[in-house]
Structures are given as structure tokens and as C-alpha cells.
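Asker:
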Amino acid sequence: MSELASARFLQPHRDDFATMLSDALLTPFGGPSGALFRDHRFADFGPADRLAEMDFEMSLPTLAAGVQARHVGMVLADVLHTGDPLAAYAESLAGDDFDVPLAGLINGSIDVVLRLPGFEKDDPRLLIADYKTNRLHGRDDATPMAAYAPQMLVTAMEGHHYPLQALVYGTAIWRMLRWRLGPRKPAGWDPTECIAGVVYGFLRGMKGPQTPIDAMGGRYGVFAWQPPPEIWRRLSDLFAGDLAGVNR
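Per my numbering, the sequence shown runs over residues -9 to 238.
#1: Can you tell me whether Ala55 is helix, strand or coil according to DSSP?
#2: Among the candidates Met196, Asp232 and Pro217, whose CA atom is the shortest distance from the CA of Arg31?
#3: With 16 other CB atoms within 10 Å as the buried threshold, where does Arg129 fall?
#4: Can you tell me which of the three DSSP states Pro91 falls into?
#5: Let me check understanding here. Comparing Cα to Cα, which of Thr133, Leu167 and Asp29 lies closest to Lys111?
#6: Determine which residues share a DSSP beta bridge with Gly191 and list them.
#7: Does the distance from the CB of Gly160 to the CB of Pro217 come in under 8 Å?
#8: Please list, in chain order, all residues of the same chain as Pro114 whose beta carbon is under 7 Å from its beta carbon, the five residues on each side excluded.
#9: Out of Ala33, Asp89 and Ala78, which one is the CA nearest neighbour of Gln58?
#10: Identify every run of the beta strand (DSSP E) within the segment 144 to 193, keeping only runs that are complete inside it and at least 3 residues long; order them along the chain.
Below is the structure:
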């Protein structure tokens, strides 16, 4: 931390940075009941179980295929149950405002992919994770943690289209697993079960083990989501130009 915060204007805040980083590493993720990652923390994953800054390139269909961003929303809306935290976002993304063509090649970098313990290397359970330093609270807020409550994080996720980002990341990983592990698996093997979930850590709201949770088990400062398993194959098919799974 001393090296990273060596600039003169950062030095007065070095201890604050160290505290924020330590707290974020030690905050349990929380999340839906039954999620494999509920009790895990960033600190629990050693070098062998994390892949940081995972770069990827993923093909998209040609313009002639007619695939649009709103089709992603349609697929998402079709697989989510009404109580899913992203159900409203899916309906919004499926609207006419997102009739934006998807074509060519997409590339990106995933902050970190985490491998949950207790599973074989050829049958992993992976967590797609992203770190966010967004300041969601006002400087004069009397209760700044309220801005990092689970429902407030849903609003922040939607406002920045982070769910769409996570869906692209997950589809890229699904394709990578199919390519890397598929040849060693029985015919028709599907890597869907290998993707355990999505975690977006809003570092300013992660306060270590004492970080509060809401009545549903959601952790303040952490958006933890378990997507429906079928979403990845359907999005991969969509990104290959197959509109058969679009129901509208």
C-alpha cells in the first residue's frame, strides 16, 4: 500500500486506503439462500484459485443476423422469476430504447474469476467478480451505509448497466469452459453448472465481518446474484446469431 499510495496527494489517505482494502477483503459476500458463495470473502481465494484481469475476446454475429441489445433483455426477462432483483432491469433492457445492433467482436477484461473450494479442476464452480469504487453516498450523509443497502446496489447496478456487463462476462466464460473442458467431457456436456454466480463488490460499503445484512440475507456493499443456469447457453446462441430463443 505504501508503494501504491506513494504520490504526494495520496499519502495523507494511505491509512484510509489500507483500511478500506482490508475491510473489503474480509467482507462475506452474502447473497441468495443456498448460494455456494454466501460465506466466502475475497480474502479466501489464494493465487491458485483466482484469475485476475482475465482478458477475453468473443465473437458476435454479423449485422445481417439482426441481433440487438434489446434481445439480451428479452432472453433475460424470459428466464428470470418475478422476484429476481434484476427483473425490472430485464424489462427495461428489452425495450425499444435498446434496439442497438450487436455485431462483430467484443473484448474486455474481467476483474477476477474466483474458483470455489471443494470442486475438481475439471468440474469447477466459478464466481465472476468485479470491484467498484463508486461513491454512492453524499459527503454529508448522516448514514452513508444506507446508500450501500442491497436494494440501493440494484439501482446502482442498473444505472451503470453493470448487469449487462456481467452477462457478457458470463457468456465469455461459458464459451471458454465449453472449449477448454468440453473435449474431455461426454457428448453434449454443458458447462452451465460451472458458473456459480456473480459478485460486484462496492468497496466503500464493505466494512469487514461486521458489514450488515438485510432480512433476505443480502450483504450491504455487495451485489451477489445467482443467474438462472439456462441463461448462458441462450445468450451464447444469441451472440451466434440465433434469434430462436427470443420470444417477442
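Virtual Cβ for every residue (Gly too), placed ideally from N, Cα, C.
Answerer: Short version:
#1: Three-state result, Ala55: helix.
#2: If we check each option's Cα against that of Arg31, Met196 comes out closest.
#3: The residue in question, Arg129, is exposed, as its Cβ has fewer than 16 Cβ neighbours within 10 Å.
#4: Three-state result, Pro91: strand.
#5: From the listed residues Thr133, Leu167 and Asp29, the smallest Cα separation to Lys111 is found for Leu167.
#6: In the DSSP output, where bridge partners are listed per residue, Gly191 has Tyr121 and Val212.
#7: Gly160 is a Cβ neighbour of Pro217, given a cutoff of 8 Å.
#8: If we look at Pro114 and ignore the five residues flanking it on each side, its Cβ neighbours are Arg105 and Cys184.
#9: Put simply, of Ala33, Asp89 and Ala78 the residue whose alpha carbon is nearest the alpha carbon of Gln58 is Asp89.
#10: Secondary structure in the segment 144 to 193: the beta strand (DSSP E) runs of 3 residues or longer, each lying completely within the stretch, are 185 to 192 in chain order.
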